[in-house]
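Report on the structure given below.
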Amino acid sequence: MKKFVISARPKQILKNFVIFIPLIFTLDQWSINELSSILANSFLCFLALSSASIIGYQANDLIDKKFDKKHPFKKLRPIANNEISNREIFIFISIFLILGIIFSLIVNFYILILFFSYITLSFLYSYQLKNFIILDSISITIFYILRMIAGAYSITLSISIWLYILTFLSTLFIILIKRISESKSGDFRNKNIVSFYKEISNSKVVTLLLLINIFSYSIYSISEILNLERNIIFGLTIIFFSIGIIRYYAVTKNSTLGESPESIILSDKIIQFSVFLYVISVFISEIF
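Everything in the sequence shown is counted per the working numbering, starting at 1234 for the first residue and increasing by one.
Below, the structure written as structure tokens:
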């Protein structure tokens, strides 16, 4: 059982919490009676997309098996070191495919479409997209956009286009740092990709993207307050967003720590505290 848990990459499930962003930003639009069913739908959507991501990880590990065997860390993955047979992989994927379909259909048909869209993109990414410069990073940002769309459809409510833009920008920022860290450790088969991300690391692209993220979020927050969508307390989120993203940049700069974003988020107290205060500020801005 342990080998299957490891192969499912439980730490990566953290990424699927993006699904709850639409709910968090629309809490003020639901009555107490509606909230329980909305929470249930969001959670089921979370389970559906988590199932899709687990399927994607198995497919990726299976496709990269020969390459992973030569990697200092990835060689320890259950599929790479032959702990899990092809038959077991097929059964494992089938279980999560069935679960994902069930979870999706309980919510609505749109989630089922997004569930299969996520899986399709996972296969395309594993087979080809990750071997192309820029496309590899853009593909991963699309995974997060799909999560955000799924979160919105699970509560059958549209959200601000700004949230999609900010999701794209912040994800691209994290992914570029991840790719730069991987290029430093030689974690690519395509030498052109290694060269490209090494050039990026020597330029001001990441710093510029950091500033664009902070500026864009500030514009979004101020516009929400001026349009009376949020109260003045929402302005505090600019501070906490900035602290979190600047801290992430500082931790990963000139190191290879960016290879594992989820490990940084789960271990760095400053980032965790800024996220906590950010969420609290959003809640307060909606309640009062």
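Every residue gets a Cβ at the ideal spot worked out from N, C-alpha and C, and that includes glycine.
Values in this document were obtained by computation on a predicted structure and should not be read as measured data.
If you draw a straight line from the Cα of Asn1364 to the Cα of Phe1401, it is about 20 Å long. Residue nearest to Leu1260 within the set Pro1311, Lys1431, Ile1388 is Ile1388 (criterion: CA-CA distance). An exposed status is given to Met1234, since fewer than 16 other beta-carbon atoms sit within 10 Å of its beta-carbon. Taking one beta carbon from each stretch, the region 1341–1354 and the region 1381–1398 have 3 or more pairs nearer than 8 Å; the two touch. Excluding the 5 residues flanking it on each side, Ile1433 has same chain C-beta neighbours closer than 8 Å at Leu1409, Arg1412, Ile1413, Val1439, in chain order. Per DSSP, reduced to three states, the secondary structure at Glu1462 is coil, with no helix or strand assignment. If only uninterrupted alpha helix (DSSP H) runs of at least 4 residues are considered, those enclosed by the region 1347–1405 are 1368–1387. Contiguous alpha helix (DSSP H) elements confined to the region 1251–1326 occur at 1254–1257, 1265–1296, 1298–1301, taking only those with 4 or more residues. The region 1251–1265 makes no contact with the region 1306–1313, as fewer than three CB pairs between them are under 8 Å. In the pairwise beta carbon analysis, the region 1447–1457 is classified as not touching the region 1499–1511: fewer than three pairs are separated by under 8 Å.
Note on Lys1248: 16 or more other CB atoms within 10 angstroms of its CB, so buried under the neighbour-count rule. Across the structure, Leu1459 and Ile1398 are spaced so that their CA atoms are roughly 19 Å apart. In terms of Cβ geometry, Phe1336 and Ala1273 do not form a close pair [threshold 8 Å].
Around the beta-carbon of Ile1265, fewer than 16 other beta-carbon atoms lie within 10 Å, marking it exposed. Around the beta carbon of Ser1370, a 10 Å sphere encloses 16 or more other beta carbons of the protein chains shown; the residue is thus reported as buried. In this structure, Ile1326 sits near Ile1288, with a CB-CB distance shorter than 8 Å. Taking the Cβ atoms as the reference, Ile1317 lies roughly 6 Å from Ser1240, within the contact range of under 8 Å.
Using a Cβ distance threshold of 8 Å, Phe1467 and Tyr1511 do not count as a contacting pair. Non-local beta-carbon contacts of Ile1476 in its own chain, meaning distances under 6 Å to residues more than five positions away in sequence, involve Ser1507 in chain order. The three-state reading of DSSP puts Lys1502 in helix, counting H, G and I together. Leu1461 has its alpha-carbon roughly 17 Å from the corresponding atom of Ile1471.
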